[in-house]
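Numbering (the numbering used here), first residue to last: 72 to 250. All C-beta atoms in this analysis are idealised placements derived from N, C-alpha and C, irrespective of residue type, glycine included. What you are looking at is a predicted structure, and each value in this text was computed from that prediction instead of being measured. Note sheet for the following structure.
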């Protein structure tokens, strides 16, 4: 199975509108907005701030935003309540005024990170979502889509067993097709 995801870092077109349909009349897929360079199969970070820095670095390259700005926006959001939703999952997200489209990243921590999750357990699976400031509808729809996909224990186990970027992309593609 060859993943169809492409590196969209050079593609600076705005994300699709506030609904979940692309311009081609089909449901938006996560791989439509995932930057493959932002898929990190072996996060090395040991703290919450470090994992945010590691996750945003490829997104910063693609978006043109500074790593420090992205991390600060995410930390500000974390102060409102942890995006560590429990079950080993974190979905750090935030809105940046200067970007023109949605950016999605993914990371796996083999040892787990104290992400101040709701259940107090280490977080190992991370989806990073950064959107333009005026995209509340799209922001919420993508968060909801990710959350629904992560309700599948089999999906989470496949992600945790993945060792390479290509394996992760293939798993995401498969789940996205079934969803």
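According to the DSSP assignment, residue 119 belongs to no beta strand (DSSP E) but to the alpha helix (DSSP H) extending over 119 to 134. Three or more Cβ pairs drawn from the segment 234 to 242 and the segment 96 to 112 lie within less than 8 Å of each other, which places the two stretches in contact.
Under the DSSP definition of a beta bridge, residue 166 partners with 202.
Take the alpha-carbon of residue 141 and the one of residue 163: they are about 11 Å apart.
Here the alpha carbons of residue 98 and residue 193 stand approximately 33 Å from one another. The C-beta of residue 155 has 16 or more other C-beta atoms within 10 Å across all chains shown, which makes the residue buried. Beta-bridge partners assigned by DSSP to residue 155: 161.
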